[in-house]
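Colleague: The number in my numbering is simply the position in the sequence shown, starting from 1, with 40 added. Yeah, the Cβ is synthetic: ideal placement off N, Cα and C, and Gly gets one too. Predicted model only: the values in this text are computed from it and were never measured. Got a structure for you, questions after.
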Amino acid sequence: MSSDKTDLARRHFLKGVASVAAASGAAAAMPAWGGNTLSDAFADFFQAHYQRMTAEEIADTLERIERKAKRRYGVDISCANTPAKENVVFGYAINISKCRGYRDCVHACVQENNLSRDTQYIRVLEMPDGSLDLLHADHYFASEEVPREGHYYLPMQCMQCDNPPCVKACPVEATWTEPDGIVVVDYDWCIGCRYCMSACPYQARHFNWGNPKLPPEEINAKTHYLGNRPRPKGVVEKCHFCVQRTREGRQPACQEACPTGARVFGNLLDPNSEIRYVLEHKAVFRLKEELGTEPKFWYYRDA
């Protein structure tokens with residue numbers, strides 16, 4: 041659906057909402073735009089797509105996100121809008137010879153990205169030695185000790201594809217690829233149709249069936265509009281390479297948490313980066329390459 045058609049459909053919907061409110065007499069009682077719950081709710085409906093908002097509109101939106109987080113969780117957060125840097129395209133590689141299946145990366149991601157405690161962006165698969173058949177993977181291994189003999193471990197998350205089928209599937213253009221290669225979601229524009237989830241061959245997108253369950257004392261207060269800000273019920277979310285960290289020159293939380301040094305993250309355009317060294321000197325592979333998705337996520341083994 042084109043942007044013009046999307047905006048037209050949104051306007052028709054809002055016109056219908058306004059008509060119902062007027063008929064019931066609610067319109068006359070509507071408060072002026074401000075910091076209360078009802079005003080914020082109507083502002084959300086009228087909000088433009090992130091890519092088309094002015095600087096003033098973005099500032100208003102960030103303030104509204106911070107107010108809503110305070111109301112819902114009783115926590116003060118700071119929501120940023122740090123843009124992509126020039127001459128930066130992020131990529132990831134994992135040395136599966138070093139991964140031991142500890143899942144420290146999973147827990148760090150949940151904490152850093154304000155994930156509902158029933159949602160995980162990273163899945164660590166237990167694989168039989170010598171096999172790359174994902175149908176034989178154990179997604180829910182619960183061994184008392186890892187690594188388990190006869191197995192290796194394959195972490196999976198969003199592959200940040202150069203040719204992402206999820207983006208093509210979205211009927212309202214709520215997801216797109218940023219200049220630094222990160223596939224992002226405008227959570228306020230997502231309509232929750234889940235077409236993107238069906239299109240993703242890596243099962244990397246997650247739907248919020250309920251309002252996220254976040255312990256207030258564990259909320260990460262430093263957030264980003266396109267990243268780890270608290271998400272609402274009824275939208276799809278995914279890994280975003282910890283945009284709130286990586287656009288400030290830091291490593292993703294999963295990379296920092298890995299106790300074995302299996303994870304390598306960096307700028308693919310920097311010839312001196314560790315990720316470029318891995319791609320140029322290791323025998324790397326990508327999952328489901330035959331689909332033409334062009335993931336920016338590689339795997340390799342020690343020689």
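Residue 118 lies in the beta strand (DSSP E); which residues open and close that run?
Modeller: Counted from its first residue, the sequence shown places residue 118 at position 78. Looking at the DSSP string, the run of the beta strand (DSSP E) that includes residue 118 is 118–120.
Colleague: Between the beta-carbon of residue 236 and the beta-carbon of residue 215, is there less than 8 Å?
Modeller: As a first step, residue 236 is located in the sequence shown; it is residue number 196 there, counting from the start. As a first step, residue 215 is located in the sequence shown; it is residue number 175 there, counting from the start. Yes, these two residues count as a Cβ contact at 8 Å.
Colleague: Taking the continuous beta strand (DSSP E) assigned at residue 215, which residues delimit it?
Modeller: Taking the first residue of the sequence shown as position 1, residue 215 is located at position 175. Per DSSP, residue 215 belongs to the beta strand (DSSP E) from 215–217.
Colleague: Can you say whether residue 333 is buried or exposed, counting buried as having 16 or more other CB atoms within 10 angstroms of its CB?
Modeller: The sequence position of residue 333 within the sequence shown is 293, counting from 1. Under this definition residue 333 is a buried residue.
Colleague: Look up residue 68 in the DSSP assignment and say whether it is helix, strand or coil.
Modeller: In the sequence shown, the residue the question calls residue 68 occupies position 28. Bear in mind that the predicted position of residue 68 carries a pLDDT of just 38, short of 50, making it too unreliable to give a figure here.
Colleague: Can you give me the C-alpha to C-alpha distance between residue 99 and residue 198, rounded to a whole angstrom?
Modeller: Mapped onto the sequence shown, residue 99 falls at position 59. Mapped onto the sequence shown, residue 198 falls at position 158. Residue 99 and residue 198: Cα-Cα distance of roughly 29 Å.
Colleague: Residue 300 and residue 110 - do their beta-carbons sit closer together than 8 Å?
Modeller: As a first step, residue 110 is located in the sequence shown; it is residue number 70 there, counting from the start. As a first step, residue 300 is located in the sequence shown; it is residue number 260 there, counting from the start. For residue 110 and residue 300, no; Cβs fall outside 8 Å.
Colleague: Quick check on the burial criterion: 16 or more other C-beta atoms within 10 angstroms. Buried or exposed for residue 228?
Modeller: For the purposes of this step, residue 228 is identified with residue 188 of the sequence shown, where counting begins at 1. Per the 10 Å Cβ criterion, buried.
Colleague: Quick one: any contact between the segment 124–136 and the segment 299–316, if contact means 3 or more CB pairs under 8 Å?
Modeller: Taking 8 Å as the limit for Cβ pairs, the verdict is that the segment 299–316 does touch the segment 124–136.
Colleague: CB residue 220 to CB residue 81, shorter than 8 Å?
Modeller: The residue you call residue 220 lines up with position 180 of the sequence shown. The residue you call residue 81 lines up with position 41 of the sequence shown. No, they are not a contact pair.
Colleague: Skipping 5 residues on each side, what residues in its chain have a beta carbon closer than 6 Å to that of residue 328?
Modeller: To locate residue 328, count along the sequence shown from 1; it is residue 288. For residue 328, where only same-chain residues beyond five positions count, the Cβ hits under 6 Å are 241.
Colleague: Give every residue of the same chain whose Cβ lies closer than 8 Å to the Cβ of residue 208, excluding the five residues on either side of it in the sequence, and list them in chain order.
Modeller: Position 168 of the sequence shown, counted from the start, is the residue given in the question as residue 208. So the list reads 239, once near-sequence residues are dropped.
Colleague: Quick check on the DSSP output: the alpha helix (DSSP H) that includes residue 85 runs from which residue to which?
Modeller: Position 45 of the sequence shown, counting from 1, holds the residue named residue 85. Start and end: 77–86.
Colleague: Determine the direct distance from the alpha carbon of residue 122 to that of residue 184, and round the result to whole angstroms.
Modeller: Counted from its first residue, the sequence shown places residue 184 at position 144. Counted from its first residue, the sequence shown places residue 122 at position 82. Taking the straight line joining both Cα atoms gives about 42 Å.
Colleague: Would you kindly check if the distance between the Cβ of residue 165 and the Cβ of residue 193 is under 8 Å?
Modeller: Here residue 193 is taken as the residue at index 153 of the sequence shown, counted from 1. Here residue 165 is taken as the residue at index 125 of the sequence shown, counted from 1. Yes, these two residues count as a Cβ contact at 8 Å.
Colleague: Which runs of the alpha helix (DSSP H) at least 4 residues long sit entirely within the segment 211–260? Give them in chain order.
Modeller: Those alpha helix (DSSP H) runs which fall completely within the segment 211–260 and span 4+ residues are 235–239.
Colleague: Between the Cα of residue 278 and those of 223, 218, 151 and 177, spot the shortest distance and give me the residue it belongs to.
Modeller: Position 238 of the sequence shown, counting from 1, holds the residue named residue 278. Checked all of 223, 218, 151 and 177; the closest Cα to residue 278 is 223.
Colleague: Output the distance between the C-alpha atoms of residue 62 and residue 271, rounded to the nearest integer angstrom.
Modeller: Locating residue 62 in the sequence shown gives position 22, counting from the first residue. Locating residue 271 in the sequence shown gives position 231, counting from the first residue. Only weak support exists for where residue 62 lies, its pLDDT of 41 falling under 50; the value from the coordinates is given anyway. Approximately 30 Å, taken between the alpha carbons.
Colleague: With a threshold of 16 other CB atoms inside 10 Å of the CB of residue 155, please say whether the residue is buried or exposed.
Modeller: As a position in the sequence shown, residue 155 is number 115, starting the count at 1. Buried, by the Cβ-count rule.
Colleague: Go through its chain and collect everything with a Cβ distance to residue 120's Cβ below 8 Å, but skip five positions before and after it.
Modeller: Indexing the sequence shown from 1 puts residue 120 at position 80. For residue 120, where only same-chain residues beyond five positions count, the Cβ hits under 8 Å are 102, 262, 263, 264, 265 and 284.
Colleague: Rounded to whole angstroms, what's the CA-CA distance from residue 87 to residue 147? Just pull it up for me.
Modeller: Taking the first residue of the sequence shown as 1, we reach residue 87 at position 47. Taking the first residue of the sequence shown as 1, we reach residue 147 at position 107. Going from the Cα of residue 87 to the Cα of residue 147 covers about 33 Å.
Colleague: Excluding the 5 residues flanking residue 234 on each side, which residues of the same chain have their C-beta closer than 7 Å to its C-beta?
Modeller: By 1-based counting over the sequence shown, the position of residue 234 is 194. Answer for residue 234: 247 and 276, listed in chain order.
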